[in-house]
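Top to bottom, those sequences are chains A and B. Residue numbering for the first sequence follows the working numbering, beginning at 1 and increasing consecutively. Residue numbering for the second sequence follows the working numbering, beginning at 1 and increasing consecutively. All C-beta atoms in this analysis are idealised placements derived from N, C-alpha and C, irrespective of residue type, glycine included. These numbers were taken from a predicted model, which means no experiment stands behind them. Everything below concerns the one structure shown next.
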Amino acid sequence: MNNEFLTRVSFAGIPHALPHSSDTSQATLYPMTPHDVCKVYWTLSSLTISYAYSINEVQICRNFSATSSVAPKNRLIAPATFETTDFDSQTQTSYVMALKLDGVYFDADDNSKTGLELIFEEADSFNLINLCLRPIPGMGNIAREFTFLNKTFGVYLNYQSPPVTSASFSNFVMVPEFIVI
Amino acid sequence: MAWTLEYDGATKPIASFGVNSIRRVRKNLLTDKVMLHVQGNALSSLPTFAANVSVKIFNDGSKWFDGIVTQTPLHCSSNNEAYQYELSGGWWYLENLIYQQAWKEPIDPTENSPTLYNVYKSRVILGLDISGEQLSIGQQITDVINYAISCGVNLAMGNVDIPVHIPLDECKDLSCADIIRRLLRWVPDTICYMDYGLSVPTISFLRRSQMPSITLNISSHVQEFSIQPRYDLQVPAVVLKFETTNSVNGKAWKESVQQKYPETCTGSELKALVLTINLEGSKANYVVQNITTTAIETSSVAWWQAHVPGLTNISASNISIGNVSRSGILPNELISGTVANWMDKTAETDIVRCKISYADASEAVIDREVAVRILTTDATTGIYKNLLSLTTAESIPQNLAKQIYNSVNPLQYDGTVVTVSEEISQDFFGKTLNITGGQPAWGTMNAVIQEVVEYLDSGKVFIKFGPAKHLGAADLAELTRSGRLLFESKNYSERITAEVSSNGTVEQGIYARVDNTSFGPGKYKMIKFADPNNASRTIQIDTADIAASTVTVKLREEDVCESGVLKKRYSLASEPYSS
Numbered sequence: 001m002n003n004e005f006l007t008r009v010s011f012a013g014i015p016h017a018l019p020h021s022s023d024t025s026q027a028t029l030y031p032m033t034p035h036d037v038c039k040v041y042w043t044l045s046s047l048t049i050s051y052a053y054s055i056n057e058v059q060i061c062r063n064f065s066a067t068s069s070v071a072p073k074n075r076l077i078a079p080a081t082f083e084t085t086d087f088d089s090q091t092q093t094s095y096v097m098a099l100k101l102d103g104v105y106f107d108a109d110d111n112s113k114t115g116l117e118l119i120f121e122e123a124d125s126f127n128l129i130n131l132c133l134r135p136i137p138g139m140g141n142i143a144r145e146f147t148f149l150n151k152t153f154g155v156y157l158n159y160q161s162p163p164v165t166s167a168s169f170s171n172f173v174m175v176p177e178f179i180v181i
Numbered sequence: 001m002a003w004t005l006e007y008d009g010a011t012k013p014i015a016s017f018g019v020n021s022i023r024r025v026r027k028n029l030l031t032d033k034v035m036l037h038v039q040g041n042a043l044s045s046l047p048t049f050a051a052n053v054s055v056k057i058f059n060d061g062s063k064w065f066d067g068i069v070t071q072t073p074l075h076c077s078s079n080n081e082a083y084q085y086e087l088s089g090g091w092w093y094l095e096n097l098i099y100q101q102a103w104k105e106p107i108d109p110t111e112n113s114p115t116l117y118n119v120y121k122s123r124v125i126l127g128l129d130i131s132g133e134q135l136s137i138g139q140q141i142t143d144v145i146n147y148a149i150s151c152g153v154n155l156a157m158g159n160v161d162i163p164v165h166i167p168l169d170e171c172k173d174l175s176c177a178d179i180i181r182r183l184l185r186w187v188p189d190t191i192c193y194m195d196y197g198l199s200v201p202t203i204s205f206l207r208r209s210q211m212p213s214i215t216l217n218i219s220s221h222v223q224e225f226s227i228q229p230r231y232d233l234q235v236p237a238v239v240l241k242f243e244t245t246n247s248v249n250g251k252a253w254k255e256s257v258q259q260k261y262p263e264t265c266t267g268s269e270l271k272a273l274v275l276t277i278n279l280e281g282s283k284a285n286y287v288v289q290n291i292t293t294t295a296i297e298t299s300s301v302a303w304w305q306a307h308v309p310g311l312t313n314i315s316a317s318n319i320s321i322g323n324v325s326r327s328g329i330l331p332n333e334l335i336s337g338t339v340a341n342w343m344d345k346t347a348e349t350d351i352v353r354c355k356i357s358y359a360d361a362s363e364a365v366i367d368r369e370v371a372v373r374i375l376t377t378d379a380t381t382g383i384y385k386n387l388l389s390l391t392t393a394e395s396i397p398q399n400l401a402k403q404i405y406n407s408v409n410p411l412q413y414d415g416t417v418v419t420v421s422e423e424i425s426q427d428f429f430g431k432t433l434n435i436t437g438g439q440p441a442w443g444t445m446n447a448v449i450q451e452v453v454e455y456l457d458s459g460k461v462f463i464k465f466g467p468a469k470h471l472g473a474a475d476l477a478e479l480t481r482s483g484r485l486l487f488e489s490k491n492y493s494e495r496i497t498a499e500v501s502s503n504g505t506v507e508q509g510i511y512a513r514v515d516n517t518s519f520g521p522g523k524y525k526m527i528k529f530a531d532p533n534n535a536s537r538t539i540q541i542d543t544a545d546i547a548a549s550t551v552t553v554k555l556r557e558e559d560v561c562e563s564g565v566l567k568k569r570y571s572l573a574s575e576p577y578s579s
């Protein structure tokens, strides 16, 4: 299949019609370059997240993906969606991942700094932990880093103590796959 | 008679040197020699006279010989030991000195008019001096002798009255003696005579008619003689055929001139001396330039179309011209050829400007400024010619046929005479000989004496007279060698001007026509591109399509995504405007 294409884009590498916000507080993957954003928007085919953590001696390992089959040319009309959600009945935890490509965030003074919003969260039924890309005020956390397109971002295991008496968090990896053109 | 000898600074009676026999040999155009026979204990004693030492012999105080010791051979037999010394006169120096002439050479050959200086070369041109004047045989011989004197040879120049001009003769690496013999081939009745009586040996050259005569009576002291008239050597006519090859710009042609004596001869007579002599011809080189010019008609549309290629395909009726100006004033435009300084014409670059307006199906221009650069000149159409170099032809020697005729036509007598007397009181050499007491014709024969051998101890004199065989006058075949050995001198102008090639330097034209291939800045209303193979496929950019009054459409940069990679490109677009 020939996926070559050429289209006019905004300075951030996405269609002119999509929102461009200078409020970067919503961007969790920030800052990226417009070249990275352009590549993700037009050619990302799947995004996989894997990690492991333990709470009160209970070991949890996750590995889940979100994929899209929308061809690049069709993304001129609307962005591809990368979203997945699930519930672990054994541990009574739910987890969700959603990459928001329907807009970009940019620095009003420096257009070379652009960001996307990635919603990722794992939480148990009793709100004892919350694993996400931001620290939650009032809760303890274990911070880790991960790389995405050669950029480093932070991920946080937020917990409440008690009841959490022991916690550990490691091996957070986010792996993208792109359409070969 | 008191004979003395000066050797090594001392003058003593000749007998005191042990000399018991003296013989002097004098031959025309050869070295005078004196043989001294010294008998004695040659084996046990050193030579009395050392080689290369000066020796002078006096007779009653008058110098009889002046020369140097050139050979000291020793002869020994069972009852005899003797040195046979050979003394050589002044001609010996001429035999052993290579003649050289001054040639002009540039100090700095890269200069346009370099300063010349003299360089002596053994390649010589006989009959020409350094200033380019032709020399007679006498003048050339004088130059040879003076050259030898300048080299330290102990000689003085005596009489040489031979005003005969010859063709230029180029040769190289010849001794002064060879040069003189070569010159005297043209006048073989000439004798070279060395006068030892003066303080410095003086060399003279006398023609038969210039020599004093001496008369011998066969009944007085003549011991024996032989004589024969040489009717066979008489030449009834001399015809010289001078051939020259002239050229102009490399195109050559031959020219021949005949000189004869007597005037009525034809050259076809038996025994006539016919010589073909090549002379250097004239060489001329011209530069020729064809010039084509035309009037400058700046108000003519056709003139502008001829000068601005872009106007060629536009109908002349659609073109209007205005505001014409010129930077120069010369009347004509140079169309072909070049203008060089030697034409005595002026040329200049002229920039002609105008404003042109036109419109056709694919282009519309208003007041477009057009400038063309042309070469203007005050020359007119024609052929211009300039002489670059000219080498004049070698001149034909005047009266040479007559001079040769006078040398070889008179009847010559050939023979020998031996006289014996108590004392040798007469100097025979350098004279013509008449013999009386025999046939009347002998008394006025004026035979040139070519060789004299004098035996002082016996008073015997051997005389040989007749034509000069060594000069080629002995027979017709030898005489013609004078011409056969002579080639035209191709370098005579080089000797004077130092210019090896006489082609000259072609001065190139410095102004040539200027072609115009580009427009000045213009104001286009519309440009239309069309596929030459399909006229319906066109690209048209027309300012009339812009409705807004102040919009500029130009290339502008924009962002694009090419297969997932963010890039930039340029697009032709206007700035936003209100609709």
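Exercise for the section: Output the boundary residues of the alpha helix (DSSP H) element that contains residue 140 of chain B. Expected result: For the purposes of this step, residue 140 of chain B is taken as the residue at position 140 of the second sequence. Looking at the DSSP string, the run of the alpha helix (DSSP H) that includes residue 140 of chain B is 137-150.
Handout entry: Inter-stretch contact at 8 angstroms, needing at least 3 Cβ pairs: the region 358-378 of chain B / the region 311-319 of chain B
Key = Using a Cβ-Cβ distance cut-off of 8 angstroms, the region 358-378 of chain B and the region 311-319 of chain B are in contact, since at least three pairs of beta carbons, one from each stretch, lie closer than that value.
Handout entry: Residues bridged to residue 211 of chain B (per DSSP)
Key = Position 211 of the second sequence holds residue 211 of chain B. In DSSP, residue 211 of chain B forms no bridge with anything.
Exercise for the section: Sort out for me which residues DSSP pairs residue 106 of chain A with in a bridge. Expected result: The sequence position of residue 106 of chain A within the first sequence is 106, counting from 1. DSSP lists A:114 as partners of residue 106 of chain A.
Practice task
Can you say whether residue 151 of chain B is buried or exposed, counting buried as having 16 or more other CB atoms within 10 angstroms of its CB?
Solution key: Stepping through the second sequence from its first residue, residue 151 of chain B is reached at position 151. So residue 151 of chain B ends up on the exposed side.
Problem - CB contact flag (residue 23 of chain B, residue 65 of chain B, <8 angstroms) - result: Position 23 of the second sequence, counted from the start, is the residue given in the question as residue 23 of chain B. Position 65 of the second sequence, counted from the start, is the residue given in the question as residue 65 of chain B. No, Cβ-Cβ distance for residue 23 of chain B and residue 65 of chain B is not below 8 angstroms.
Practice task
Using three-state DSSP, classify residue 167 of chain A as helix, strand or coil.
Solution key: Residue mapping note: residue 167 of chain A aligns to position 167 of the first sequence, counting from 1. In this structure, residue 167 of chain A counts as strand in the three-state DSSP scheme.
Practice task
Output the distance between the C-alpha atoms of residue 518 of chain B and residue 529 of chain B, rounded to the nearest integer angstrom.
Solution key: For the purposes of this step, residue 518 of chain B is identified with residue 518 of the second sequence, where counting begins at 1. For the purposes of this step, residue 529 of chain B is identified with residue 529 of the second sequence, where counting begins at 1. In this prediction, residue 518 of chain B scores a pLDDT of 47, lower than 50, which makes its location untrustworthy; the coordinate-derived value is nonetheless stated afterwards. Their backbone Cα atoms lie some 19 angstroms apart in a straight line.
Exercise for the section: Could you confirm whether any beta carbon from chain A is found closer than 8 angstroms to the beta carbon of residue 520 of chain B? Expected result: Along the second sequence, read from residue 1 onward, the residue named residue 520 of chain B stands at position 520. Confidence in residue 520 of chain B is poor, its pLDDT being 47 and thus under 50, which makes the residue's placement unreliable; the coordinate value appears in the next sentence. No - not a single Cβ of chain A is within 8 angstroms of the one on residue 520 of chain B.
Handout entry: Endpoints, the alpha helix (DSSP H) within which residue 43 of chain A is located
Key = If you number the first sequence from 1, residue 43 of chain A lands on position 43. Here the alpha helix (DSSP H) through residue 43 of chain A covers 34-43.
Exercise for the section: Within 10 angstroms of the Cβ of residue 484 of chain B, are there 16 or more other Cβ atoms? Answer buried if so, exposed if not. Expected result: For the purposes of this step, residue 484 of chain B is taken as residue 484 along the second sequence, with counting starting at 1. In this predicted model, residue 484 of chain B has a pLDDT of only 49, less than 50, meaning its place in the structure is not dependable; the value taken from the coordinates is given anyway. Classification of residue 484 of chain B: exposed, given that the 10 Å Cβ count is below 16.
Problem - Three-pair Cβ contact test at 8 angstroms for the region 279-287 of chain B versus the region 301-308 of chain B - result: no
Practice task
Name, please, each residue of chain B whose Cβ falls closer than 8 angstroms to the Cβ of residue 181 of chain A.
Solution key: As a working note, residue 181 of chain A is residue 181 in the first sequence. In chain order: 563, 564.
Practice task
Tell me where the beta strand (DSSP E) around residue 557 of chain B begins and ends.
Solution key: To locate residue 557 of chain B, count along the second sequence from 1; it is residue 557. Looking at the DSSP string, the run of the beta strand (DSSP E) that includes residue 557 of chain B is 553-562.
Handout entry: Closer than 7 angstroms at the beta carbon, the chain A residues around residue 553 of chain B
Key = The residue you call residue 553 of chain B lines up with position 553 of the second sequence. By Cβ distance, chain A contributes nothing, its closest Cβ being about 18 angstroms from residue 553 of chain B, past 7 angstroms.
Handout entry: Interface partners of residue 24 of chain A on chain B, CB under 9 angstroms
Key = As a working note, residue 24 of chain A is residue 24 in the first sequence. Scanning chain B for C-beta atoms nearer than 9 angstroms to the C-beta of residue 24 of chain A yields nothing, as the closest lies near 19 angstroms away.
Problem - Selection of the region 55-73 of chain A by Cβ proximity to chain B, strictly under 8 angstroms - result: 72
Problem - Start-to-end residues for the alpha helix (DSSP H) that takes in residue 581 of chain B - result: Beyond the ends of chain B as shown, which are 1 and 579, falls residue 581 of chain B; an answer cannot be given.
Practice task
With DSSP as the reference, label residue 19 of chain A as helix, strand or coil.
Solution key: Here residue 19 of chain A refers to the residue found at position 19 when the first sequence is read from its first residue. Coil.
Practice task
Alpha carbon to alpha carbon, how far is residue 433 of chain B from residue 271 of chain B? Give it in angstroms, no decimals.
Solution key: What you label residue 271 of chain B is simply residue 271 of the second sequence in a count that begins at 1. What you label residue 433 of chain B is simply residue 433 of the second sequence in a count that begins at 1. Straight-line Cα distance between these residues: approximately 26 angstroms.
Handout entry: Euclidean distance between Cα positions of residue 287 of chain B and residue 337 of chain B
Key = The residue you call residue 287 of chain B lines up with position 287 of the second sequence. The residue you call residue 337 of chain B lines up with position 337 of the second sequence. Roughly 13 angstroms separates the two Cα atoms.
Practice task
Look at the alpha carbon of residue 167 of chain A and the alpha carbon of residue 130 of chain A, and state the distance between them as a whole number of angstroms.
Solution key: The residue given as residue 167 of chain A occupies position 167 in the first sequence. The residue given as residue 130 of chain A occupies position 130 in the first sequence. Answer to the nearest angstrom: the Cα atoms are 12 angstroms apart.
Handout entry: the region 5-12 of chain A contacting the region 535-554 of chain B, beta-carbon criterion three pairs below 8 angstroms
Key = No, they do not touch.
Practice task
Given a cut-off of 8 angstroms, decide if residue 410 of chain B and residue 230 of chain B are closer than it, judged by their beta-carbon atoms.
Solution key: Taking the first residue of the second sequence as 1, we reach residue 230 of chain B at position 230. Taking the first residue of the second sequence as 1, we reach residue 410 of chain B at position 410. It is not a contact, given that the beta carbons lie outside the stated cut-off.
Problem - Exposure label - residue 527 of chain B; buried when at least 16 CB within 10 Å - result: What you label residue 527 of chain B is simply residue 527 of the second sequence in a count that begins at 1. Exposed, since its Cβ has fewer than 16 Cβ neighbours within 10 Å.
Problem - residue 521 of chain B burial status per 10 Å Cβ neighbour count (16 or more: buried) - result: Within the second sequence, numbered from 1, the residue matching residue 521 of chain B stands at position 521. Here residue 521 of chain B scores only 46 on pLDDT, less than 50, and its place in the model should not be relied on; the value that follows carries that caveat. Label assigned to residue 521 of chain B: exposed.
Problem - Every unbroken beta strand (DSSP E) within the region 194-264 of chain B, with a cutoff of 3 residues, ordered by chain - result: 202-207, 213-217, 222-229, 238-248, 251-261
Handout entry: For residue 405 of chain B, the three-state DSSP class (helix, strand or coil)
Key = By one-based count along the second sequence, residue 405 of chain B stands at place 405. It is helical.
Handout entry: Partner residues on chain B for residue 38 of chain A, Cβ-Cβ distance less than 8 angstroms
Key = The residue labelled residue 38 of chain A in the question sits at position 38 within the first sequence. 561, 564, 565, 566, listed in chain order.
Problem - DSSP three-state assignment for residue 47 of chain B, whether helix, strand or coil - result: Your numbering for residue 47 of chain B matches position 47 in the second sequence. Residue state, collapsed to three classes: coil.
Problem - Proximal residues to residue 563 of chain B (C-beta, below 8 angstroms), its chain only, five neighbours per side dropped - result: Stepping through the second sequence from its first residue, residue 563 of chain B is reached at position 563. None.
Handout entry: Enclosing beta strand (DSSP E) for residue 26 of chain B [first to last residue]
Key = The count along the second sequence starts at 1 and reaches residue 26 of chain B at position 26. First-last of the beta strand (DSSP E) with residue 26 of chain B: 19-27.
Problem - 8 angstroms Cβ cutoff met for residue 90 of chain B and residue 194 of chain B - result: Position 90 of the second sequence, counted from the first residue, corresponds to residue 90 of chain B. Position 194 of the second sequence, counted from the first residue, corresponds to residue 194 of chain B. A contact, by the Cβ cut-off of 8 angstroms.
Problem - Sequence-distant residues of the same chain with beta carbon closer than 7 angstroms to residue 502 of chain B, five excluded per side - result: For the purposes of this step, residue 502 of chain B is taken as residue 502 along the second sequence, with counting starting at 1. With a pLDDT of 46 at residue 502 of chain B, under the threshold of 50, the modelled position of that residue is not reliable, and the figure given next carries that caveat. Around residue 502 of chain B: 283, 389, 391, 493.
Practice task
With 8 angstroms as the threshold, decide whether the Cβ of residue 557 of chain B is near any Cβ in chain A.
Solution key: If you number the second sequence from 1, residue 557 of chain B lands on position 557. No, because no Cβ of chain A sits closer than 8 angstroms to the Cβ of residue 557 of chain B.
Exercise for the section: Could you list which residues in chain B have their beta carbon closer than 8 angstroms to that of residue 9 of chain A, in chain order? Expected result: Locating residue 9 of chain A in the first sequence gives position 9, counting from the first residue. Listed along the chain, the chain B residues whose CB falls inside 8 angstroms of the CB of residue 9 of chain A are 559, 560, 561, 566.
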